[in-house]
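Colleague:
2 protein chains.
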Amino acid sequence: MRLVLDAMGGDHAPGAPVEGGVLFARAHPDHEVVLVGDTAKVTPLLGKGLPPSNLRIHHASEVVEMDDHASTAFRRKRDSSLRVGFELVRDGHADALVSAGNSGAVMAGGLLTLGRLPGVERPAIAALFPALKGGGRSLLLDAGANVDCRPSHLAQFAVLGEAYVRLRLGVARPRVGVLSNGEEPSKGTPLTREASELLRQSDLDFAGYVEGKDLFSGDVQVVVTDGFTGNVVLKTSEGVGMGVVGLLRQAIEKRGGLSEKLGALLLQPALAGLRRMVDYAEYGGAPLLGLRGVGIVAHGRSSPRAIHNALGAALATAQAGLQEELTRCIANAAAWLPTHQRGKKGTDEAVSD
Amino acid sequence: MRLVLDAMGGDHAPGAPVEGGVLFARAHPDHEVVLVGDTAKVTPLLGKGLPPSNLRIHHASEVVEMDDHASTAFRRKRDSSLRVGFELVRDGHADALVSAGNSGAVMAGGLLTLGRLPGVERPAIAALFPALKGGGRSLLLDAGANVDCRPSHLAQFAVLGEAYVRLRLGVARPRVGVLSNGEEPSKGTPLTREASELLRQSDLDFAGYVEGKDLFSGDVQVVVTDGFTGNVVLKTSEGVGMGVVGLLRQAIEKRGGLSEKLGALLLQPALAGLRRMVDYAEYGGAPLLGLRGVGIVAHGRSSPRAIHNALGAALATAQAGLQEELTRCIANAAAWLPTHQRGKKGTDEAVSD
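Residue numbers (the numbering used here), protein chains in the order written: chain S, 813 to 1165; chain L, 813 to 1165.
1. Could you tell me which of 1106(S), 1150(S), 851(S), 846(S) sits nearest to residue 1130(S), measuring between CA atoms?
2. Among 903(L), 896(L), 874(L), which one has its Cα closest to the Cα of residue 921(L)?
3. Can a CB atom of chain L be found closer than 8 Å to the CB of residue 1162(S)?
4. Could you confirm whether any beta carbon from chain L is found closer than 8 Å to the beta carbon of residue 1041(S)?
5. Taking buried to mean at least 16 other C-beta atoms within 10 Å of its own C-beta, is residue 1136(L) buried or exposed?
6. So, are the CB atoms of residue 859(S) and residue 819(S) less than 8 Å apart?
7. Taking only beta-carbon atoms, is residue 1146(S) less than 8 Å away from chain L?
8. Would you call the segment 951–960 of chain L and the segment 995–1006 of chain L in contact, with 3 or more CB pairs under 8 Å?
9. Would you please verify whether the beta carbon of residue 1028(L) is less than 8 Å from any beta carbon of chain S?
10. Kindly list, in the order they appear in chain S, the residues whose Cβ is closer than 9 Å to that of residue 956(L).
11. Give the interface partners of residue 1023(L) over in chain S, defined as CB-CB distance under 7 Å, in chain order.
12. Residues bridged to residue 818(L) by DSSP?
13. Go through its chain and collect everything with a Cβ distance to residue 1006(L)'s Cβ below 8 Å, but skip five positions before and after it.
14. Return the residue from the list 1134(L), 1026(L), 914(L) that minimises the CA-CA distance to residue 825(L).
15. Between which two residues does the alpha helix (DSSP H) holding residue 942(L) run?
16. With a Cβ-Cβ cutoff of 8 Å, do residue 779(L) and residue 975(L) count as a contact?
17. Return helix, strand or coil for residue 1146(L), following the three-state DSSP convention.
18. Taking only the alpha-carbon atoms, compute the straight-line gap between residue 1128(L) and residue 813(L) and give it to the nearest angstrom.
19. Where do the ends of the alpha helix (DSSP H) carrying residue 868(L) lie?
20. Alpha carbon to alpha carbon, how far is residue 1050(L) from residue 972(S)?
21. Based on Cα-Cα distance, which residue from 816(S), 822(S), 815(S) lies nearest to residue 1116(S)?
22. Is it true that the CB of residue 924(L) sits closer than 8 Å to the CB of residue 935(L)?
23. Going by alpha carbons, who is nearest to residue 940(L) out of 1097(L), 1069(L), 857(L), 1015(L)?
24. Along the chain, where does the beta strand (DSSP E) that runs through residue 1019(L) open and close?
25. At a CB distance below 8 Å, what residues from the segment 966–992 of chain L approach chain S? Give them in sequence order.
26. Excluding sequence positions up to five away, which residues of its chain have a Cβ less than 6 Å from the Cβ of residue 864(S)?
27. According to DSSP, is residue 856(S) part of a helix, a strand, or is it coil?
28. List, from N- to C-terminal side, the alpha helix (DSSP H) runs of 4 residues or more that fit wholly inside the segment 969–1047 of chain L.
29. Please list, in chain order, all residues of the same chain as residue 1157(S) whose beta carbon is under 8 Å from its beta carbon, the five residues on each side excluded.
30. Which residues in chain L have a C-beta closer than 9 Å to the C-beta of residue 883(S)? List them in chain order.
31. Hey, does residue 1078(S) have any beta-carbon neighbour from chain L nearer than 8 Å?
32. What residues of chain S sit near residue 959(L), judged by a beta carbon separation below 7 Å?
33. Going straight from the alpha carbon of residue 843(L) to that of residue 866(L), what length do you get?
34. Between the Cα of residue 910(L) and the Cα atoms of 918(L), 903(L), 904(L), which residue gives the shortest distance?
35. Evaluate residue 1042(S) with the Cβ neighbour count: other Cβ atoms within 10 Å of its Cβ, from every protein chain shown; 16 or more gives buried, anything less gives exposed.
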């Protein structure tokens, strides 16, 4: 397999992507990593020794910046690392792309370059959450690509997410829920109610409405929502996680006794294990589901290790035959999911940035 | 002050409310607690000794159950503890009401009995979050009363929340944000964009868009959103909190060594301090802002201690002159906030259940 890595995307680019790409290439001699970016900036970062033979640089002179308007920047910067990278995938020169850039821009790039899988109305950003049961992971989508959704979009997110969890997390029959403000059917909005009606007619294992806390319980493995709510949930979870750690530190410092320090020291390995479980860096990034090609968005703050893991996720996804399975599932879903007319402007509308 | 306590509301009613009411009455001999509920059920719970002289029971034969349709149940059950309790406040026999019942039903009851403060379009449920800075608390509203909001509703939530944080949390000039899926002005939905435009013209300290994580950082003290998103955020935060604790326990058990057990033991006081900070029981419940009277919703799972603290919050709120301040601020806001026509069905529409 050949994996494209956007060397210029992310808060710590090009340093972190280059280092992560080298790590991955050394660990996977049977596969190839293509670093796409400014050769003059990337080359010095490869270090003194000989770079791995399965790593090469593909020059691209421009960069889509984190604060650029996603689709506009992607269109204007024709030689951006993101665009050139996606074109390599589109033209069959590579099997997957990883970028730690602005997720809106990566999705816009994927839509404009690769397009959508047959029958997919709106590709979605899928985010993995740590869960206490059920395989230890749950998937939330859309996590931010589509602010404005129709019921059929949510139903398709369910189909895409179910296939991903089945193939990638090994859950035989993932349970699917619609995120709402309560479990009773009378709750929710017109969007959640109509999406639930569609999903009740599906062949998925549909749990009905679920609440934010169910993401972490593991009782459901796939949770669908619009991209506005999904993004708010994602950022809230990050906030609580950081907040809990910060509050614990404050509590320890405030007491400041020897026993607290010793306790923190003794718990260090367990806390490190916890951090690994909730750390985005371990997850391998957020897959973009529904594009005609494998794309993974790594967190903007990605460390080399996070980039390494995102490449691993991209490799596993490409090898799992996910694209074929997604296409098959979306086609099957036509039996219960009415198809909507896709306007010509669909590509633009699908990207919020 | 005389405080009404709904003895029949909550998962552990009437036991927990009665016990919490007795606790509060004993601790506050200068104030009075009125337990509203079924005398036959409440009386035996008062214990053997003489109940405090400042605690009395007011009989009500019916109960609004947790799974009742909120406004329908409130209308039909004319002798429910919730309705009778609100009528005591409405008729000037009490200064505030506390209930651990269904928050939708409590809000519906408040709207149907007390009505709204002059100029208020939609009263909101306000939820307190623990924050690392800025006074240690932030306020999110609406946390679930109004699923379907207009921009002017969000702007009024900001006015109500700002006054609450100023008077109750002692923050001199609270900073206000609109919850969105990113900080850039291009993000958000039509609702968040129009609400932000209104708030930019206000005399509030407006921070623009904020993300879920900002609730916990303390950089803003008031965060406004629609009741659907707000409720999802509230439940997600509860889920992460429980999830982190559960994951830590799993990590400790999995390693299971002596040092982990000793570490957990030594950290016990710090962890207990942390639990107090994030525990809803300590907060004193969620105030209903914009009603013509003081109403507090305690968590459904409230312990006697949580009920005790909610009564304390109700007392402090009634003493702080919050209602007068809210009325003044809503009237002042008319200078920058266009008033909308209020339909006759406003009371119904405002309650989601």
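We put the CB at the ideal spot given by N, CA and C, even for glycine. It should be emphasised that the depicted structure is a prediction, and the values quoted were computed from it without experimental measurement.
Modeller: Taking the definition as stated:
1. Position 318 of the first sequence, counted from the start, is the residue given in the question as residue 1130(S). Answer by Cα proximity: 1106(S).
2. Numbered from its first residue, the second sequence carries residue 921(L) at position 109. Minimum Cα distance to residue 921(L) is reached at 896(L).
3. Residue mapping note: residue 1162(S) aligns to position 350 of the first sequence, counting from 1. In this prediction, residue 1162(S) scores a pLDDT of 43, lower than 50, which makes its location untrustworthy; the coordinate-derived value is nonetheless stated afterwards. Taking Cβ atoms only, chain L never reaches closer than 8 Å to residue 1162(S), which makes this a no.
4. To locate residue 1041(S), count along the first sequence from 1; it is residue 229. Cβ-Cβ to chain L under 8 Å: yes for residue 1041(S).
5. Start at 1 with the first residue of the second sequence, and residue 1136(L) comes out as number 324. When all chains shown are included, residue 1136(L) counts as exposed.
6. Residue mapping note: residue 859(S) aligns to position 47 of the first sequence, counting from 1. Residue mapping note: residue 819(S) aligns to position 7 of the first sequence, counting from 1. No, Cβ-Cβ distance for residue 859(S) and residue 819(S) is not below 8 Å.
7. Sequence index remark: in the first sequence, residue 1146(S) carries index 334 (1-based). No, no contact with chain L.
8. no
9. Counting from one through the second sequence, the residue named residue 1028(L) turns up at place 216. Chain S contact via Cβ: present.
10. Your numbering for residue 956(L) matches position 144 in the second sequence. Simply 993, 994.
11. Translated into positions along the second sequence, residue 1023(L) becomes position 211. Neighbours of residue 1023(L) on chain S, chain order: 1047.
12. Within the second sequence, numbered from 1, the residue matching residue 818(L) stands at position 6. Note: residue 818(L) sits in a beta bridge opposite 848(L).
13. Taking the first residue of the second sequence as 1, we reach residue 1006(L) at position 194. Excluding positions up to five away in sequence, the list reads 963.
14. Mapped onto the second sequence, residue 825(L) falls at position 13. Looking at the Cα atoms, 914(L) is the closest of the given residues.
15. Numbered from its first residue, the second sequence carries residue 942(L) at position 130. Looking at the DSSP string, residue 942(L) is not in any alpha helix (DSSP H); the run it does join, the beta strand (DSSP E), is 936–942.
16. The structure shown does not extend to residue 779(L), since chain L is modelled only from 813 through 1165, so no value can be given for it.
17. Here residue 1146(L) refers to the residue found at position 334 when the second sequence is read from its first residue. Looking at residue 1146(L) - three-state DSSP - the assignment turns out to be coil, as it is neither helix nor strand.
18. On the second sequence, position 316 is the one that residue 1128(L) refers to. On the second sequence, position 1 is the one that residue 813(L) refers to. For residue 1128(L) and residue 813(L), the distance between alpha carbons rounds to 10 Å.
19. Position 56 of the second sequence, counted from the first residue, corresponds to residue 868(L). Per DSSP, residue 868(L) belongs to no alpha helix (DSSP H); it is in the beta strand (DSSP E), 867–871.
20. Your numbering for residue 1050(L) matches position 238 in the second sequence. Your numbering for residue 972(S) matches position 160 in the first sequence. One C-alpha to the other measures close to 28 Å.
21. The count along the first sequence starts at 1 and reaches residue 1116(S) at position 304. Nearest of 816(S), 822(S), 815(S) to residue 1116(S), Cα basis: 822(S).
22. As a working note, residue 935(L) is residue 123 in the second sequence. As a working note, residue 924(L) is residue 112 in the second sequence. Not closer than 8 Å, so no.
23. Here the question's residue 940(L) lines up with position 128 in the second sequence. Ranking the options by Cα distance to residue 940(L), first place goes to 1097(L).
24. Within the second sequence, numbered from 1, the residue matching residue 1019(L) stands at position 207. Segment 1017–1022, the beta strand (DSSP E) holding residue 1019(L).
25. 991, 992
26. For the purposes of this step, residue 864(S) is taken as residue 52 along the first sequence, with counting starting at 1. For residue 864(S), where only same-chain residues beyond five positions count, the Cβ hits under 6 Å are 837, 838.
27. The count along the first sequence starts at 1 and reaches residue 856(S) at position 44. Residue 856(S) falls in the helix class under three-state DSSP.
28. 1002–1012, 1026–1029
29. Within the first sequence, numbered from 1, the residue matching residue 1157(S) stands at position 345. At residue 1157(S) the pLDDT is 43, less than 50, meaning the model places this residue with poor confidence; the figure from the coordinates comes in the next sentence. No residues qualify anywhere along the chain.
30. Counting from 1 along the first sequence, the entry for residue 883(S) is found at position 71. Within chain L, no residue comes near residue 883(S); the closest Cβ sits about 11 Å away, beyond 9 Å.
31. The residue given as residue 1078(S) occupies position 266 in the first sequence. So, interface residue.
32. The residue given as residue 959(L) occupies position 147 in the second sequence. The answer, in chain order, is 993, 1001.
33. Translated into the one-based positions of the second sequence, residue 843(L) becomes position 31. Translated into the one-based positions of the second sequence, residue 866(L) becomes position 54. The alpha-carbon atoms of residue 843(L) and residue 866(L) are separated by roughly 7 Å.
34. Looking up residue 910(L) in the second sequence gives position 98. Nearest C-alpha to residue 910(L): 918(L).
35. The residue given as residue 1042(S) occupies position 230 in the first sequence. Buried, because 16 or more other Cβ atoms sit within 10 Å of the Cβ of residue 1042(S).
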